[in-house]
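Input: a single structure, listed below in structure tokens.
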Amino acid sequence: MLKNKSTIIFFVLFIIGISSYMASAVKVQALRDRLDPTQIVSALNVSPEVLKIASGEFASLLADYLLLKASVYLGGRDEMPEANQKTVSTLFSQSANLDPYFFQTCYFVQGYLPWWKGDYVKKGIEILELFNAHRDWDWQPGFFIGFDYFYFLRDNLTASRYLMEIAKRHEAAKSLGLLGARLAQRGGETITSIAFLKTMYERTENEAQKEEIARRIEALNGVLILEKGIEQYVWSFGHPPETLEQLTATGILKTLPKNPTRPNEAYLYKNGKIEF
47 MLKNKSTIIF
57 FVLFIIGISS
67 YMASAVKVQA
77 LRDRLDPTQI
87 VSALNVSPEV
97 LKIASGEFAS
107 LLADYLLLKA
117 SVYLGGRDEM
127 PEANQKTVST
137 LFSQSANLDP
147 YFFQTCYFVQ
157 GYLPWWKGDY
167 VKKGIEILEL
177 FNAHRDWDWQ
187 PGFFIGFDYF
197 YFLRDNLTAS
207 RYLMEIAKRH
217 EAAKSLGLLG
227 ARLAQRGGET
237 ITSIAFLKTM
247 YERTENEAQK
257 EEIARRIEAL
267 NGVLILEKGI
277 EQYVWSFGHP
287 PETLEQLTAT
297 GILKTLPKNP
307 TRPNEAYLYK
317 NGKIEF
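In structure tokens, the structure reads:
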């Protein structure tokens, strides 16, 4: 009888929890849909260290709040203004310093900051180092850092060092040592980047984050198609094409792949290099 009662209570609490989560998710999405893309995000102009002292025993709760505040402005249909990117970066940093064990912040940092390029790559790595130092049982922060050094900073040696280190520390990440060795020998960059992201995708449980990673993989697959097309163009004409459209005009590609990460679905092409 007692067992049945406990089971009923468990399911009631479970249903309440799921309902609360769904209500929150719907509310956040509704807020995103109503947001003016030019609206400026705000953050307290306080150092993370001072914020941690001031928050005291509520540090973890404040970290959750700051991450939620930042997440409302992420994943929208419009490109985020530079001012908002800077503020979201600050919110991520404050949240991570308040609670460097909360992995949800780590996922958000990796999912956005380095992809904004420029100074945000190193800023993202700086925040990820916090998680790597505190979550010493977890291989994923080091994996993210290795990817960022490889893909965004083109520093294969540092990337391979991080991968080989986490392969030594974590039994579940032994195979990453092979990827680290490949980086040390400098294999094909786009193919290796796809391998990185596929590993992230397979190890991620959050569906929204998996969807974002899948978009990145799709975009890189498009880059790979374009890179092969450019190689064939150079082999045929002795120089790279001036525009990507020349790949279809010459019949090398039937159509140009679409870029799922940009509103106009186009890839950026300059001086023989492709960006998305």
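When we follow this note's numbering, the leftmost residue of the sequence shown carries the number 47, and every step to the right adds one. Idealized CB from N, CA, C, for every residue including glycine.
Buried or exposed (CB count within 10 angstroms, at least 16 for buried), residue i
{"i": "T289", "result": "exposed"}
{"i": "E277", "result": "exposed"}
{"i": "T84", "result": "Only weak support exists for where T84 lies, its pLDDT of 48 falling under 50; the value from the coordinates is given anyway. Exposed."}
{"i": "I259", "result": "buried"}
{"i": "W185", "result": "buried"}
{"i": "E291", "result": "exposed"}
{"i": "S93", "result": "exposed"}
{"i": "G192", "result": "buried"}
{"i": "T133", "result": "buried"}
{"i": "E321", "result": "exposed"}
{"i": "E248", "result": "exposed"}
{"i": "T238", "result": "buried"}
{"i": "K169", "result": "buried"}
{"i": "G164", "result": "exposed"}
{"i": "L317", "result": "For the sequence presented, residue 317 should be read as Asn rather than Leu. Counting Cβ neighbours within 10 Å, N317 comes out exposed, since fewer than 16 surround it."}
{"i": "D182", "result": "exposed"}
{"i": "T301", "result": "exposed"}
{"i": "I99", "result": "exposed"}
{"i": "A205", "result": "buried"}
{"i": "D129", "result": "Residue identity differs from the one stated: residue 129 is Ala in this sequence, not Asp. Looking at its Cβ environment, which holds fewer than 16 other Cβ atoms inside 10 Å, A129 is exposed."}
{"i": "A109", "result": "buried"}
{"i": "A213", "result": "buried"}
{"i": "E95", "result": "exposed"}
Bridge partner(s) assigned by DSSP for residue i
{"i": "E321", "result": "L314"}
Residue i, DSSP secondary structure in three states
{"i": "I271", "result": "helix"}
{"i": "T307", "result": "coil"}
{"i": "I298", "result": "coil"}
{"i": "K163", "result": "coil"}
{"i": "Y208", "result": "helix"}
{"i": "N252", "result": "coil"}
{"i": "V118", "result": "coil"}
{"i": "T236", "result": "helix"}
{"i": "T289", "result": "coil"}
{"i": "G284", "result": "coil"}
{"i": "F148", "result": "coil"}
{"i": "L48", "result": "Residue confidence for L48 is low, a pLDDT of 45 falling below 50, so the modelled location carries little weight and cannot support an answer."}
{"i": "A69", "result": "Any reading at A69 needs caution, since the residue's pLDDT is 45, under 50, leaving its predicted position unreliable; the model's value is listed next. Note: A69 maps to helix in three-state DSSP."}
{"i": "S93", "result": "coil"}
{"i": "F242", "result": "helix"}
{"i": "F198", "result": "coil"}
{"i": "P187", "result": "helix"}
{"i": "D182", "result": "coil"}
Integer-rounded CB distance, given that residue j should sit under 8 Å from residue i
{"i": "L209", "j": "I240", "result": "The pair is not a contact, with the Cβ atoms about 16 Å apart (cut-off 8 Å)."}
{"i": "L243", "j": "R215", "result": "Rounded, the Cβ-Cβ distance is 22 Å, inconsistent with contact."}
{"i": "Y166", "j": "L159", "result": "5 Å"}
{"i": "L113", "j": "Q156", "result": "With a Cβ gap of about 13 Å, L113 and Q156 do not count as contacting."}
{"i": "P303", "j": "L272", "result": "7 Å"}
{"i": "L97", "j": "K115", "result": "No, L97 and K115 are not in contact; Cβ-Cβ is about 13 Å, not under 8 Å."}
CB contact below 8 Å: residue i versus chain B
{"i": "N267", "result": "Absence of chain B from the displayed structure is noted, only one protein chain being present."}
message: For the pair the stretch 201-213 and the stretch 157-175, tell me if three or more CB-CB distances fall below 8 Å.
response: no
- prompt: Is it a yes or a no for the stretch 295-311 touching the stretch 244-254, going by three-plus beta-carbon pairs under 8 Å?
  reply: Proximity of the stretch 295-311 to the stretch 244-254 falls short of the contact definition, fewer than three beta-carbon pairs being nearer than 8 Å.
task: Check whether the stretch 102-114 touches the stretch 143-156, taking contact to mean three or more Cβ pairs, one atom from each stretch, closer than 8 Å.
output: yes
message: I'd like to know if the stretch 304-311 and the stretch 280-288 are in contact, where contact means that at least 3 CB-CB pairs between them fall below 8 Å.
response: These segments do not touch.
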